[in-house]
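Residue numbers (this note's numbering), protein chains in the order written: chain A, 1 to 111; chain B, 1001 to 1117.
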Amino acid sequence: AQTVTQSQPEMSVQEAETVTLSCTYDTSESNYYLFWYKQPPSRQMILVIRQEAYKQQNATENRFSVNFQKAAKSFSLKISDSQLGDTAMYFCAFAYEKLTFGTGTRLTIIP
Amino acid sequence: GAVVSQHPSWVICKSGTSVKIECRSLDFQATTMFWYRQFPKQSLMLMATSNEGSKATYEQGVEKDKFLINHASLTLSTLTVTSAHPEDSSFYICSAIGLERGGDEQFFGPGTRLTVL
């Protein structure tokens, strides 16, 4: 069974700063997907960024980028120029046949 | 992105009654739908996977007789919590996958808060 670990239960940064959320996973599969989801207070799950395991290039979406290290089974999320609207719960998720979520990191952006 | 709706968004029921939650894909055909449960300040836990026209596949530890899942059409799945008890109070989230939407990304509904008195 796959497991996903997020070692930072809570983080806070000043607005406009850069923050990195860590995620590690364990799997014996070679082809899979990795996702970062954001869950704001509304509790609607919002896809932030995705990475296909077969791609070596790290995914980027505007202010969001990942550092995907397949051999180390690491998938961290970097948020640049953080904004107040980035305040939310962030979940790392591993996808192979089904989604397995990490325990989440509560991120607070301080004005 | 694709839109998935859930109804109701919030429901309160008495212990012993049954509650039905609907999950609809509004602008695509959902070949597979998933049901998750989320306790306060915790992660999403997959309860079951359903494919249109087939019986749902339940995760280990999930009582299939308590949580009845029906995926009768390509746009609708329902979760019925039978004989609900206070411990069933939780936030239930559905998601859907559609081949016309790539087939590899789950689109999430807004969730349903269930409170059992």
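From the three backbone atoms N, C-alpha and C, an ideal C-beta is built for every residue, glycine too. Owing to the predicted nature of the structure, the values given are computational and were not obtained by experimental measurement.
Check                                                                                                                                                                     : Outcome
Can you check whether the C-beta of A:T60 is within less than 9 Å of a C-beta belonging to chain B?                                                                       : no
Mind listing the chain B neighbours of A:Y33? Cutoff is C-beta to C-beta under 7 Å, in chain order.                                                                       : D1104
Name the two residues that bound the continuous beta strand (DSSP E) containing A:E52.                                                                                    : I46 to E52
Can you give me the Cβ contacts of A:R63 inside the same chain, cut-off strictly under 7 Å, excluding the 5 residues immediately before and after it?                     : I79, S80 and D81
Thinking C-alpha only, which one of B:G1102, B:T1032 and B:S1015 is nearest B:T1082?                                                                                      : B:S1015
Is any beta-carbon of chain A found at less than 9 Å from that of B:S1050?                                                                                                : no
Please confirm whether B:M1047 has its beta-carbon closer than 9 Å to some beta-carbon of chain A.                                                                        : no
Could you tell me whether any Cβ in chain A is nearer than 9 Å to the Cβ of B:F1034?                                                                                      : yes
Count the CB pairs spanning the segment 27 to 38 of chain A and the segment 1032 to 1042 of chain B that are closer than 8 Å, and state whether there are at least three. : no
With DSSP as the reference, label A:E97 as helix, strand or coil.                                                                                                         : coil
Whose Cβ in chain A lies nearer than 7 Å to the Cβ of B:S1043?                                                                                                            : F91, F101, G102, T103 and G104
Check the Cβ-Cβ distances between B:P1110 and every residue of chain A, and say whether any is below 9 Å.                                                                 : yes
Whose Cβ in chain B lies nearer than 7 Å to the Cβ of A:Y98?                                                                                                              : Sequence inspection shows Lys at residue 98 of chain A; the Tyr mentioned does not correspond to that position. Correct list: L1046 and T1049.
Is it true that the CB of B:A1072 sits closer than 9 Å to the CB of B:E1100?                                                                                              : no
Measuring CA to CA, which of B:T1057, B:S1009, B:E1105 and B:F1028 is closest to B:L1074?                                                                                 : B:F1028
Could you confirm whether any beta carbon from chain A is found closer than 9 Å to the beta carbon of B:S1095?                                                            : yes
Kindly list, in the order they appear in chain A, the residues whose Cβ is closer than 7 Å to that of B:F1091.                                                            : R43
By alpha-carbon positions, which one of A:I110, A:I49 and A:T5 ends up nearest to B:Q1106?                                                                                : A:I49
For a test of the three-state rule: what should DSSP assign to A:L34, helix, strand or coil?                                                                              : strand
Whose C-alpha, out of A:A16, A:F91 and A:T3, is nearest the C-alpha of A:P40?                                                                                             : A:F91
Please list, in chain order, all residues of the same chain as A:T3 whose beta carbon is under 6 Å from its beta carbon, the five residues on each side excluded.         : D26
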